[in-house]
Each structure stands twice: as C-alpha cells, then as structure tokens.
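A short worksheet on the structure shown next.
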Amino acid sequence: MLNPLYLRTFCQLVETKNFTRTAEALFMTQPGVTQHIKRLEEAVGQPLLNRFGKQFELTIAGEQLHRYALQQRVAEQQLMTAMQQDRDDAGECRLACSGAVALRLYPALLALQQRRSGLSFYLEAAPSGRIIERIKLGDIAVGICSEQVNDATLSQQSFATDELCLVLPHTTKLSWQALIELGFINHPDGHHFATSVLQANFAEQFAGMAAIPERGYVNQIGQILTPVALGLGFTVLPRSAVASAAEGHRLKVAALQQPVYQTLYWTEKRHKPLAKRYGRVFDTVKQLLN
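Numbering of the sequence shown is given in full-length UniProt numbering, commencing with residue 1 and proceeding in unit increments.
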C-alpha cells in the first residue's frame, strides 16, 4: 500500500515543480521531500522523475501515479462530504420482509421514491430466519419479521399486527377432516403460520405439520393462492396477502373461533445506528401496516 503522506508530498511537488517550494508548503525540509519521493520510487519499483539541473519532468510511471493520487484525493473528498451529509431523503435503503408484507410495502416504497428521488430501495422477500441471517451478515440494514429472536446483537421493536387467515377453496366447509383431505400448500413461512393457527383452533387434533399431507410448495407470494383456488389444498397467509389475491372469488377465509394475529417487528443490529433515511422509511411502513 502506498503511503498517503508520500503521495501528498508527490502531488505538491508536481504542482509547484520545485523541491524548495514544496518543502515550504508542507513545512518540511528539502531533504525530507527528496526522501519521500525516493520511498515512493522504491514502492513502485520505477523512477518517477527525470531530473535535469534543478528541474524535472514526470516519467510515464510518474504521470500514472499522479493520476492515481488525484483520484484518491477526489475519492477522499467525496467520502468526507458523504459522511457529513446523513440526510433523510437520499441514499440506498436495504430491507427484507415476508412476501406478504412485500406485496403491500413495495408500492408504498416506490411512491416514496417518486416523492424523494434521492432515495433508492433494495427489498428482499424472505422468511424470518433468512431475514435474521441477512441482518447479522450486514447484507441488509432492516428486517420486518414476524418472530422474536433472543439475540443480544439485535434490536426489535413491535409496530404492527396482521391477522393470519386459514384459506380454503370456496366450496370447502371447515373441519379437521377437510383439512387433512385437502392437504397443505406450503410456502417459506407456511409451517410457522399454519402451526400458530392450527394449534389455536384444533388443539386436540393438531400434532404438528408432519402429520398433514403437503400438496405443494411455492415461494412466490403471488402464486401461493392459485392451487388453493383450484381446490388442490389449503394454506395460511396474512390477511394483507389474501386481500390482494386475484383469485378472491374462488377462495374462502375460514371463520376461526380463535383468530390469530402475527406481530411484526422492526429488526436491526443493536450497535449499528441506522442512517436518517431509515426513519422516513419506518414512518412509511408503520403507517401502511397499521
């Protein structure tokens, strides 16, 4: 790695074209300037200056190094400017949530981006376990999860609820036997959602998801209800996802004796403060999901 102090001396020398004036500008001695240039030449393995008398011209290597040094200077200035400008209306926002939440959230984020064109969004649809993993790896800044986690490195804040719906083909009458005969249409959050609903409403019969035939699996939220509408199985999804389904006339949301609601948690790293723009995103998400 090239010493940034030596690079600063080199750039000053190129600008002044004089060793003495360079030393004066940097509050150094002239031998000190010479030593810095010598160290740079040793580092790159080539001469940087063609000297003649008290003057010099840059070698090809010297010109290349000078361009590099100027690029580094510009990059540093841009970095320092960016670090001083933590704004709530500019920058990339990296979030993850369930597919059901993504269906409602993404249009709202795009509307926000239209109003604040400096913002951009990376939104990933994933189950809660994957979301937690991505936050801990630093790939995303914020996750909207339906599960609480016992992890000292994470911070969670509950901010919304969504009813979990047991969704059947529209001609099906709800009973445990009917569910077994239909079988389950699984999805990334399927077992988690279904376990919550079935335990609450069929406590005597429910013995785990392994005892229920699985008729299919799909990880695209917009497709999960298609096999249900065709009479091929039942599933469990948040009401927000069911409400936006195109197949609504061929579906039935079962009337449950014990309604089940999932709590949504805004999840982030505990010791890594978020940029100001995430405050604007949080307000948008909270208003939308409530």
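Note that the Cβ used here is the ideal one computed from N, Cα and C, for glycine as well. In this text the structure is predicted, and so the values were computed from the model without any measurement.
Handout entry: Distance between A108 and E268 (C-alpha atoms, nearest Å)
Key = 21 Å
Handout entry: Residue environment, residue 292, which counts as buried when at least 16 other CB atoms sit within 10 Å
Key = Given that the chain is displayed from residue 1 to residue 290, the structure contains no residue 292 and the question cannot be resolved.
Exercise for the section: Give the single residue among A111, R270 and R73 whose Cα lies nearest to the Cα of A141. Expected result: R270
Exercise for the section: Label R51 either buried or exposed according to how many other C-beta atoms from any shown protein chain fall within 10 Å of its C-beta, with 16 as the threshold for buried. Expected result: exposed
Handout entry: Reduced DSSP category for V253 - H, G, I as helix; E, B as strand; rest coil
Key = strand
Practice task
Return yes when the Cβ of Y265 is within less than 8 Å of the Cβ of Q148, no when it is not.
Solution key: yes
Problem - Coil, strand or helix - K269 by DSSP - result: strand
Exercise for the section: Would you identify the three-state DSSP class for V167, choosing helix, strand or coil? Expected result: strand
Practice task
Identify the continuous beta strand (DSSP E) that holds A96 and give its terminal residues.
Solution key: A90 to C97
Handout entry: Reduced DSSP category for N50 - H, G, I as helix; E, B as strand; rest coil
Key = strand
Exercise for the section: Can you give me the Cβ contacts of C145 inside the same chain, cut-off strictly under 6 Å, excluding the 5 residues immediately before and after it? Expected result: S128, I131, Y265 and T267
Practice task
Taking 8 Å as the threshold, find out whether the stretch 110-125 comes into contact with the stretch 226-239 through three or more Cβ pairs.
Solution key: no
Exercise for the section: Could you say which of Q157, T235 and H36 lies nearest to H170 if we only look at CA atoms? Expected result: T235
Exercise for the section: List the residues that DSSP assigns as beta-bridge partners of Y122. Expected result: R94
Practice task
With a floor of 4 residues, list each alpha helix (DSSP H) that falls wholly inside the stretch 103-164, ordered by position along the chain.
Solution key: 128-137
Problem - L237 in three-state terms, based on DSSP - result: strand
Problem - Start-to-end residues for the beta strand (DSSP E) that takes in Q55 - result: Q55 to L58
Handout entry: Limits of the unbroken alpha helix (DSSP H) element including N201
Key = G190 to N201
Practice task
From the DSSP output, read off the bridge partner residues of F184.
Solution key: E214 and F234
Exercise for the section: Could you round the C-beta distance between D162 and Y68 to whole angstroms and report it? I think they count as a contact, below 8 Å. Expected result: Contact flag wrong, Cβ pair sits at about 53 Å.
Handout entry: Per-residue DSSP class, three states only, for L174
Key = coil
Handout entry: Paired residues, beta bridge with V260 - DSSP
Key = L164
Practice task
Might you give, ordered along the chain, the residues of its own chain that have their beta carbon closer than 8 Å to the beta carbon of R215, omitting 5 neighbours on each side?
Solution key: L182, G183, F184, I185, P227, L232 and G233
Exercise for the section: For Q205, count neighbouring C-beta atoms within 10 Å of its own C-beta (all shown protein chains included) and say buried if the count is 16 or more, exposed if not. Expected result: exposed
Practice task
Answer with buried or exposed for P135, where buried requires no fewer than 16 other C-beta atoms within 10 angstroms of its C-beta.
Solution key: Looking at the sequence itself, residue 135 is Ile, so the reference to Pro does not match. Buried, by the Cβ-count rule.
Practice task
Flag R280 as yes when its Cβ comes closer than 7 Å to any non-hydrogen atom of the ligand ADP, and as no otherwise.
Solution key: Looking for the ligand ADP in the displayed structure turns up nothing, as the structure carries no ligands at all.
Exercise for the section: Closer than 6 Å by C-beta to I212: which residues in its own chain qualify, once you throw out the five before and the five after it? Chain order, please. Expected result: F184
Exercise for the section: Put T284 into one of helix, strand or coil per three-state DSSP. Expected result: helix
Practice task
Please confirm whether H187 and N150 have their CB atoms less than 8 Å apart.
Solution key: no
Practice task
Report yes or no: do the stretch 86-99 and the stretch 34-53 share at least 3 C-beta pairs separated by less than 8 Å?
Solution key: no
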